[in-house]
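**Student:**
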Amino acid sequence: MERSPPIHVPVLLTEIVDWLAPAPGKVLVDGTLGGGGHTRALAERVGATGLVIALDRDPVARAAAEQNLAGMSVQLVAASFRELPKVLEQLETPAVDGVVLDLGLSSDQLADAARGFSFDSDGPLDLRFDTTEGEPAWRLIERLDATELANLIYEFGEERHSRRIARNLIAAREQAPVRTARQVAEIVRRSVPRTRDSQRIDPATRTFQALRIGVNDELGALADALRDIPGCLKNGGRLAIISFHSLEDRLVKQAFRDDPRLTALTRKPQQPSEAEIRRNPRARSAKLRVAERVA
Ligand SMILES: C[S@@+](CC[C@H](N)C(=O)[O-])C[C@H]1O[C@@H](n2cnc3c(N)ncnc32)[C@H](O)[C@@H]1O
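So that you can map any letter, position 229 of the sequence shown is 211 in my numbering, and since no number is skipped, the others follow by simple counting.
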């Protein structure tokens, strides 16, 4: 198969390398392989005597990485990062030196019209990381009643106009099936009053975020990971998490503050520099928190 380089540009790459301090012989986990940018940087530094265990729920991401990272000391695993304890048990690796989670979706997923992550895609609004599991977002829109849909959009999208959006989605689906990302984005845009903010950020952003979090159980996965990953770290091992919205960052902040097994190394989250945001605008909402396992 021909090698196709990833579109995704890794976020806060220097910072992740600095915090996880990859060195020959170390065993690290990248719980969100994506385009493989973080995995590659870590694998280059742990060398042949070390290992990067890289997980992703997305079969497309794993297949691309198999080509792009061939020959490197990387073990690809088809699993959610919420299953890390089980994965490490299967690999007979009791504890690791560090774990990175770079949450959300990759630019490669965003660019894949068939999956509906991008607002102007005429593909079905799927939004699942693993298309073999659970239900696509269009089916959620078809199945939920107005209150359930409004609650989901409010809770996972922090969207003030959730009721109106839900009502309009239901009205539209009564006329014709609502299947594509473009249809949903247009219904949302029509439901939300125009503000100065809506010229900067597409008004569909929060609703798409909510549907994506819902179909992938993203907050459930993060909560499980925050509970279980500290137990997978060696003493002194580090957990670095990059989040992209306040629902995630809040969970990470609380866990790092309250978990007696961890000490937070970042008092405030680290954010990309102006230069990084100029190079890679998708980095702009990234927040990195790091904690260390204590005895
Ligand atoms: C932002 S991208 C990661 C990009 C990667 N760090 C890089 O440098 O190319 C997030 C990836 O995590 C995956 N993902 C999301 N939730 C996951 C989960 N619970 N377990 C494993 N992978 C997950 C997505 O499929 C996506 O490929």
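Note that beta-carbon positions come from the ideal geometry of N, C-alpha and C, so glycine has one too.
1) Below 8 angstroms, can you find three or more Cβ-Cβ pairs linking the region 225 to 235 to the region 201 to 214?
2) Would you say the beta carbon of residue 144 comes nearer than 7 angstroms to a heavy atom of ligand 1?
3) Does residue 265 come out as helix, strand or coil in the three-state DSSP assignment?
4) Would the beta-carbon of residue 58 fall within 8 angstroms of that of residue 14?
5) I'd like to check one pair, residue 109 with residue 118: are the Cβ atoms closer than 8 angstroms?
6) So which of 151, 277, 27 has the shortest CA-CA distance to residue 193?
7) Using CA coordinates, which residue listed in 172, 127, 133, 174 is at the minimum distance from residue 156?
8) Around the Cβ of residue -17, are there at least 16 other Cβ atoms within 10 angstroms (buried) or fewer (exposed)?
9) Does the distance from the C-beta atom of residue 112 to that of residue -10 stay below 8 angstroms?
10) So, are the CB atoms of residue 161 and residue 106 less than 8 angstroms apart?
11) Taking Cβ positions, are residue 55 and residue 73 nearer each other than 8 angstroms?
12) Taking its Cβ as the centre, do 16 or more other Cβ atoms sit within 10 Å of residue 217, making it buried, or is it exposed?
13) Based on Cα-Cα distance, which residue from 226, 46, 243, 250 lies nearest to residue 235?
14) Check the DSSP bridge columns for residue 81 and list the partner residues they point to.
15) Do you know how far the Cα of residue 186 is from the Cα of residue 114?
16) So does residue 198 have its beta carbon nearer than 7 angstroms to some heavy atom of ligand 1?
17) Given residue -7, which residues of its chain have a CB within under 8 angstroms of its CB, disregarding the five upstream and five downstream residues?
18) Within 7 angstroms: the Cβ of residue 13 and any heavy atom of ligand 1?
19) According to DSSP, simplified to helix, strand and coil, what is residue 304?
**Tutor:** The structure says:
1) yes
2) no
3) helix
4) no
5) yes
6) 151
7) 127
8) Its pLDDT being 48, under 50, residue -17 is placed unreliably in this model, and the coordinates cannot settle the point.
9) no
10) yes
11) No.
12) exposed
13) 250
14) 11, 221
15) 26 angstroms
16) yes
17) 84, 224, 254, 258, 262, 264, 265, 268
18) yes
19) For the chain, the structure presents residues -17 to 277; residue 304 sits outside this window and is missing.
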